[in-house]
Amino acid sequence: MPRIKGTHTAMKSGMLAADAIVDALAAGRANDELTSYQSGYENSWIYSELRMVRNILPLVEKYGNFWGTMLSGINMWLENFGVRMPFTMKHHADHNALRRKDHVHKIDYPKPDGVISFDRLSSVFLSNTNHAEDQPVHLQVKDSELQLSSELNIFAGPSTRYCPAGVYEWIEEEGKEPQYQINSQNCVHCKTCDIKDPNQNINWVVPEGGGGPNYPNM
Ligand code: SF4
């Protein structure tokens with residue numbers, strides 16, 4: 004159950020951070036770095052589990068599905084018995100995996116049926132996402148010309164599809180240059196844009212405290 008596992012990992016990370024904050028406050032250290040967070044993380048099950056699987060994707064990418072999976076299994080089996088692999092294989096950055104629009108076919112996604120699939124803005128509504136309107140922008144496009152010439156013209160605007168909250172839109176009107184619209188109010192803080200933008204041209208910065216999604220039933 005990867006989704007539940009991921010949720011446990013996020014919760015444990017949050018608990019480690021909270022522990023580190025409490026330790027620092029109890030010791031009268033309100034303004035320095037939370038160094039105990041790193042050591043707490045390295046002593047937790049998150050670190051040992053992530054360490055065990057760190058070579059899986061690079062192995063599959065390098066040796067293919069069959070041999071990559073076999074080698075990954077051996078790697079994990081050995082690590083499980085305490086044999087630490089003395090290396091961490093390199094893996095490509097996520098944004099380098101995007102393909103140009105002239106190398107792919109457009110996918111016609113089915114429309115949400117309102118029963119088992121839902122449109123993005125309805126789901127954002129359920130997340131109670133909100134940001135103060137006058138706070139500094141937390142989604143920064145470093146070079147707007149590059150966004151047009153590359154993100155839209157070469158890669159067909161992937162931000163309009165990978166963002167789960169529909170924050171990014173290319174507004175195209177006849178006779179006018181396409182405009183990049185950022186509906187930052189809807190951002191659910193997943194940070195995908197910071198990782199996935201093909202030119203690393205979007206910088207996600209931490210918004211003001213209190214903003215963002217708020218799931219009241221979780
Ligand atoms: S952080 Fe996530 S939700 Fe927010 S703009 Fe980026 S991709 Fe969209």
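Sequential numbering of the sequence shown, starting at 4, is according to our numbering.
Note that the Cβ used here is the ideal one computed from N, Cα and C, for glycine as well.
Fill in: Reduced DSSP secondary structure (H/G/I, E/B, other) of Tyr218
Coil, per DSSP.
Practice prompt. With Asn156 as the anchor, note down where its beta strand (DSSP E) starts and where it stops.
Written response: Note, Asn156: premise wrong, no beta strand (DSSP E); not H, not E.
Worksheet item: Under a three-way DSSP split, which group does Ile49 fall into?
Response: When secondary structure is reduced to three states using DSSP, Ile49 falls in the helix class.
Worksheet item: Which value, in whole angstroms, describes the spacing of the CA atoms of Ser39 and Ser51?
Response: As the crow flies, the alpha-carbon of Ser39 is around 17 Å from that of Ser51.
Practice prompt. Taking the CB atoms as reference points, tell me whether Val140 and Asn204 lie closer together than 8 Å.
Written response: Not in contact: Val140 and Asn204 (Cβ atoms no closer than 8 Å).
Fill in: Inter-residue spacing [alpha-carbon to alpha-carbon] between Thr91 and Glu177
About 51 Å.
Worksheet item: Under three-state DSSP, which class holds Glu177?
Response: Of the three classes helix, strand and coil, the one that applies to Glu177 here is coil, per DSSP.
Discussion item. Below 8 Å on the Cβ atoms is my contact criterion, and I expect His98 with Ile198 to pass it. Report the Cβ-Cβ distance as a whole number of Å.
Written reply: Taking 8 Å as the upper bound for CB-CB distance, His98 and Ile198 are in contact here, some 7 Å apart.
Discussion item. If you follow the alpha helix (DSSP H) that Asn78 is in, where does it begin and where does it stop?
Written reply: Run containing Asn78: 59-83, per the alpha helix (DSSP H) assignment.
Practice prompt. Can you have a look at Ala168 and say buried or exposed, based on whether 16 or more other CB atoms are within 10 angstroms of its CB?
Written response: That one is buried.
Fill in: Reference Asn133; option with closest CA among Arg123, Pro210, Ile110
Nearest C-alpha to Asn133: Pro210.
Worksheet item: Roughly how many angstroms separate the alpha carbons of Pro216 and Asp116, rounded to a whole number?
Response: Separation of Pro216 and Asp116 (C-alpha to C-alpha, rounded to the nearest whole angstrom) is 24 Å.
Practice prompt. Assign Leu142 to one of three DSSP states: helix, strand, or coil.
Written response: If DSSP states are grouped into helix, strand and coil, Leu142 belongs with the strands.
Fill in: Residues bridged to Glu172 (per DSSP)
Per DSSP, Gln184.
Worksheet item: Within this structure, are the beta carbons of Leu60 and Tyr66 separated by less than 8 Å?
Response: One thing to note: Leu60 has its Cβ no nearer than 8 Å to the Cβ of Tyr66.
Worksheet entry | For Ile119, three-class secondary structure by DSSP | DSSP places Ile119 in coil when its eight states are reduced to three.
Worksheet item: DSSP three-state call for Ile110: helix, strand or coil?
Response: The answer is coil: DSSP assigns Ile110 none of H, G, I, E or B.
Worksheet entry | Three-state secondary structure (DSSP) of Asn133 | Here DSSP, grouped into helix, strand and coil, assigns Asn133 to strand.
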